[in-house]
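Q: Encoded as structure tokens, here's the structure I'll be asking about.
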Amino acid sequence: MNDMRAIADRVEIEALRGELTDAVMMRDYDRVESLFTPECVVRWPHIGREFAGREAIRAGVEWGQGLWEFFVQNVHPGVIRIDGDTATGRSYIQEFGRLRDGGSHLNYAIYHDRYERTPEGWKFAERVYEVRYADSSPLPGSAST
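The UniProt record's numbering puts the last residue of the sequence shown at 145; the count rises by one with no breaks.
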């Protein structure tokens with residue numbers, strides 16, 4: 001593989017990760033669904049949830065976002081390892097928000113990802129969310145309206 005292809009792949013995968021964060025934050029569930037392969041699996045072991053296939057992933061993200069009064073996710077780039085038309089990577093996550101039931105949540109986590117090159121570009125093939133730290137102390141601030 002030439003160096004320019006490897007650079008382009010890394011840029012495209014990083015753009016994919018950024019696109020997903022934006023789609024979730026903007027609650028654009030059509031866009032969320034479009035960023036996964038048809039057979040993708042998303043696992044959230046910390047709450048015992050797994051979503052297989054684009055429609056289930058969309059429904060899972062929509063369900064999850066529906067729990068929040070407000071939600072903010074910050075994503076920090078991690079490693080990307082490319083092997084032809086597949087790749088693996090990690091993203092480092094900070095999330096916080098207030099749930100509609102009044103609970104608060106702050107966590108630091110890692111997404112462990114697998115990606116596949118498709119005719120439409122790189123897509124997520126698997127995402128596994130590993131929470132490393134969680135805090136449910138009440139958030140003192142308020143949501144902007």
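Think of the CB as a built atom: it goes at the ideal place given N, C-alpha and C, for glycine as much as any other residue.
From 39, 91 and 56, pick the residue whose C-alpha is nearest to that of residue 81; which is it?
A: 91
Q: Where does residue 14 fall in DSSP's three states?
A: Looking at residue 14 - three-state DSSP - the assignment turns out to be helix.
Q: To which residues does DSSP link residue 106 through a beta bridge?
A: 96 and 135
Q: Label residue 100 either buried or exposed according to how many other C-beta atoms from any shown protein chain fall within 10 Å of its C-beta, with 16 as the threshold for buried.
A: exposed
Q: List the residues that DSSP assigns as beta-bridge partners of residue 90.
A: Answer is 112.
Q: According to DSSP, is residue 38 helix, strand or coil?
A: strand
Q: Under 8 Å: do the region 45-57 and the region 121-135 share three or more Cβ pairs, one atom per stretch?
A: The answer is yes - the region 121-135 touches the region 45-57, with three or more Cβ pairs under 8 Å.
Q: Measure how close the beta-carbons of residue 73 and residue 95 come, nearest whole angstrom, since I'm counting them as under 8 Å.
A: The C-beta distance from residue 73 to residue 95 rounds to 5 Å, short enough to meet the 8 Å contact threshold.
Q: Do residue 71 and residue 48 count as a contact pair if the criterion is CB distance below 8 Å?
A: No, these two residues do not count as a Cβ contact at 8 Å.
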